[in-house]
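Engineer: Just so you know, we're using my numbering here: the sequence shown kicks off at 42 and counts up by one.
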Amino acid sequence: MPEPTPSEPLPAELRALAADAEALATRTAEVAARLRTAPDGHLQRLARPVAKATHDLSDYTDEVARTAENLARVRASRDPGLCDVPWGVCPAHGTTVRASGDHARCTAPGCAREWDYDRLHTPCGEPAVAVVTDEDGATGKMCAAHARDAADRLAGCTVSYLEHRTSSG
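#1: For G151 and G82, I'd like the C-alpha separation in whole angstroms.
#2: Beta-carbon separation of R88 and A64 under 8 Å?
#3: Could you give the DSSP three-state label for Y158: helix, strand or coil?
#4: Alpha carbon to alpha carbon, what distance is there between A192 and A185?
#5: Can you grab the Cα-Cα spacing for the pair E71 / V105, in whole Å?
#6: Assuming L98 and P50 form a contact by the criterion Cβ under 8 Å, report the distance between their Cβ atoms to the nearest whole angstrom.
#7: Only counting the same chain, and skipping five residues up and downstream in sequence, which positions put a Cβ closer than 7 Å to that of A53?
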């Protein structure tokens, strides 16, 4: 796996930012609570913007934490033993994944597979089991689902299965 470039953030950095934001959100929530219970009505009114800031910090925390998870998936997808395709599939049904926000599901009838991240717009993390070559000679390592899809959709492509392919692929 290639080393990250110096400017590339690490998932741990993002997790640390999320933890810092969570700590700050806790502190602002405590200040808002103190303002709400202050004997002065002017101080009580100040609780609203601080509470909003707390809410915004919580949203920020969630977003940065999700980004850390997605960054870890992208970095893991660089593993040379994984599929080269930059979008995910259902391992059993192929290009049947639909995403909405930070959730994805397989739309094949009877399939109950779901993911708690946007699998459709995240690099494929499935093991590579084949080398697919298109009619122009471009090649890529693909998982079983992407290789099946390529064979179905790409005119003149060839699929060469790797020796370590399992019977489930």
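The beta carbon of each residue, even a glycine, is placed where N, CA and C say it ideally should be. Being a predicted model, the structure only gives us computed values, none of them experimental.
Structural biologist: Taking the coordinates as given:
#1: Separation of G151 and G82 (C-alpha to C-alpha, rounded to the nearest whole angstrom) is 58 Å.
#2: The question names Arg, yet the displayed sequence has Ala at residue 88. Annotated as distal: A88 and A64, with beta-carbon spacing of 8 Å or more.
#3: If DSSP states are grouped into helix, strand and coil, Y158 belongs with coil.
#4: About 11 Å.
#5: Looking at the two C-alpha atoms, the distance is approximately 22 Å.
#6: Between P50 and L98 the Cβ distance is about 20 Å, and since that is not below 8 Å, they are no contact.
#7: Nothing meets the Cβ criterion.
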